[in-house]
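According to the numbering used here, the sequence shown is numbered sequentially starting from 741. Below is one structure, written out as structure tokens; comments come after it.
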Amino acid sequence: MAGQENPYVLYGAYASYYTGKTRSYLRKKGIPFIERVVSHPRFRNVIRPTAQSKRVPILEAPDGTIIQDTTAIFEYLEARFPTPPALPPGPRQRLAAYLFDLFCSENMKIAWHYRWNFPEQNQRFVTMDFGRSFRPQGSDDELARYGDLIAAQMDGHRANIGITPDMFGVMDEIYFDLLDTLERHFTHYPFLLGGLPSVGDFGLMGPLFAHLARDPYPLHIMQMRSPRVFRWVEHMNTPEIRAPEFFDYPLEYLADDAVPETIVTLLRQFTQDYTPVYREGVALYNDWASRHASLPPGSIISPDGQDQPSLGRITVTLRGHTMTPASQAHSLWVLQRTLNWLKHLDAPARTACRDFAAECGAEELLALNLVRPLSRTRNRLSLG
Ligand SMILES: N[C@@H](CCC(=O)N[C@@H](CS)C(=O)NCC(=O)O)C(=O)O
């Protein structure tokens, strides 16, 4: 196959939320690639220093281009491998897919919660698995040592994530709602929008694969409560589009730009749960951008060079619980992709999206406005 001698290289980890998105995308698109762990000598000596990023995944293209960030990787690859399309052509379906990817890119605190708040059930697997990214053929003791270092780092994020013990019940509610609605959905459809996986499916692989369908505690819940969801996750990691359970399903998006009721139900829940995060995040950013109006385009936002800086804490309410997580300016850059796409639609498509946004309760979210565009410069969030 063309490209096999000089494939793309995906640097990441099996335990990584974001690597799971890109791995699934590469497989389903049939893009020739190999995967390497972060302890590979080329990652340490070339990739990480060039990308100047401590995050994964990082993609190395055959021509030497190096990209961090799953959204940037998606944009780069989708333009080069448009078939089968991961962007549905119909405006309602495209908006649904973008919204899934948006909500899944930063808000799925359940993934963090079910990994790190159940040490008794998860810890041995998680630490050993993390350890193997650093010492792939290491002894148990070596793996445990590396794994513990990562676990300690993650514990440092606890305050920024903002899940306090009084929120544990809400986390269960959110996870169970998601599983139950998806279980209904995958009874009838192979993917979110019919017979092809979209950017929304790949976004959903972030939380659902590496954490919720691999860590022992949430995996057990998923398998027992929603076996069809578990099968969807399994299937999203195979190269073929055709799922055996849907042997005669057309390999295309649903006709007439239809979006199933289950997907609208989920989007309505997501917008209800997470619109405050964007409302408050945009307010904080707009205030910051106005106070830094003299900075030229390309200026890095973080004074100390952080790639995904926070501009401060926000106060939001999630299902009746007040939280004060760190704002994620990066998530506004992801939102901006959808806002820009909406701006450039023709009138009929815009009307279709306006009606669909109303069905999903997303009018407020999609009316948000960044006073100045965001960009990324050398894998750092910057001013546009
Ligand atoms: N926005 C980034 C997020 C990537 C990310 O945060 N990856 C995690 C692993 S799943 C990571 O590398 N974390 C390391 C850190 O935060 O230092 C993307 O979409 O690629």
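Glycine included, every Cβ here is placed at the ideal spot set by N, Cα and C. All figures in this text were calculated on a predicted structure; none of them were measured in a lab.
beta-carbon residue i near ligand 1 non-hydrogen atom, thresh 7 Å
i, result
"Gln1076", "no"
"Gln792", "no"
"Tyr854", "no"
"Thr811", "yes"
"His1070", "yes"
"Thr921", "no"
"Thr805", "no"
"Tyr748", "no"
"Arg693", "Missing from the structure shown is residue 693; the chain here goes from 741 to 1124 and no further."
Inter-residue spacing [alpha-carbon to alpha-carbon] between residue i and residue j
i, j, result
"Gly743", "Gln808", "Reliability of the predicted coordinates at Gly743 is poor, the pLDDT of 48 falling under 50, and the value obtained from them is presented with this limitation in mind. Roughly 21 Å between the two C-alpha positions."
"Met741", "Pro979", "Residue placement at Met741 is flagged as unreliable, the pLDDT there being 45, under the threshold of 50; a coordinate-derived value is accordingly withheld."
"Ala755", "Ala995", "36 Å"
"Leu1110", "Val1022", "7 Å"
"Leu842", "Leu919", "19 Å"
"Thr1002", "Thr921", "6 Å"
"Leu944", "Thr762", "11 Å"
"Val682", "Ser879", "Residue 682 lies beyond the residue range present for the chain, which begins at 741 and ends at 1124; the question has no answer from this structure."
"Leu728", "Val866", "Nothing in the structure corresponds to residue 728, since the chain is present only between 741 and 1124."
"Leu1108", "Ile961", "36 Å"
"Asp1044", "Leu959", "38 Å"
"Ile901", "Asp1095", "33 Å"
"His975", "Ala953", "12 Å"
"Glu800", "Asp1047", "19 Å"
"Gly871", "Ser1034", "45 Å"
Reduced DSSP category for residue i - H, G, I as helix; E, B as strand; rest coil
i, result
"Gly743", "Confidence at Gly743 is low in this model, with a pLDDT of 48, below 50, so its placement is unreliable and the value that follows should be read with caution. Three-state result, Gly743: coil."
"Ile981", "coil"
"Leu700", "The requested residue 700 does not occur in the structure, where the chain is confined to residues 741 to 1124."
"Phe773", "strand"
"Phe942", "helix"
"Gln808", "strand"
"Tyr929", "coil"
"Ile903", "coil"
"Ile1040", "strand"
"Ala791", "helix"
"His780", "coil"
"Ala837", "helix"
"Ala950", "helix"
"Ala755", "coil"
Contacts around residue i, its chain only, beta-carbon distance under 6 Å, and the 5 residues preceding and following it disregarded
i, result
"Pro930", "Ala983, Phe986 and Tyr989"
"Leu1106", "Ala1097"
"His780", "none"
Beta-carbon proximity list for residue i, same chain, < 7 Å, skipping 5 on both sides
i, result
"Val777", "Ala753, Ser873 and Pro876"
"Asn746", "Pro802"
"Glu818", "Ala826 and Leu827"
"Ile1040", "Thr1117, Arg1120 and Ser1122"
"Gly770", "Pro979"
"Thr1062", "Thr1055"
"Ile774", "Pro747 and Val749"
Option in the options with minimal Cα separation from residue i
i, options, result
"Arg924", "Phe970, Asn857, Trp856 and Pro1088", "Phe970"
"His1151", "Lys761, Ser1122, Asn900 and Leu1058", "Any answer about residue 1151 is impossible in this case: the structure gives the chain only from 741 up to 1124."
"Ala891", "Phe858, Ile850 and Ala1066", "Phe858"
"Glu846", "Pro1088, Glu1099, Leu1075 and Thr1091", "Leu1075"
"Phe814", "Arg832, Arg784, Met848 and Leu750", "Leu750"
"Phe1010", "Cys1100, Arg855, Phe926 and Gly1060", "Cys1100"
"Leu1058", "Thr823, His1084 and Lys849", "Lys849"
"Leu1085", "Arg782, Val786, Pro829 and Thr810", "Pro829"
Chain-order list of residues whose beta-carbon lies under 8 Å from that of residue i (same chain, five-residue window excluded)
i, result
"Thr1005", "Thr921"
"Thr759", "Leu750, Gly752, Ala753, Val796, Pro797 and Ala950"
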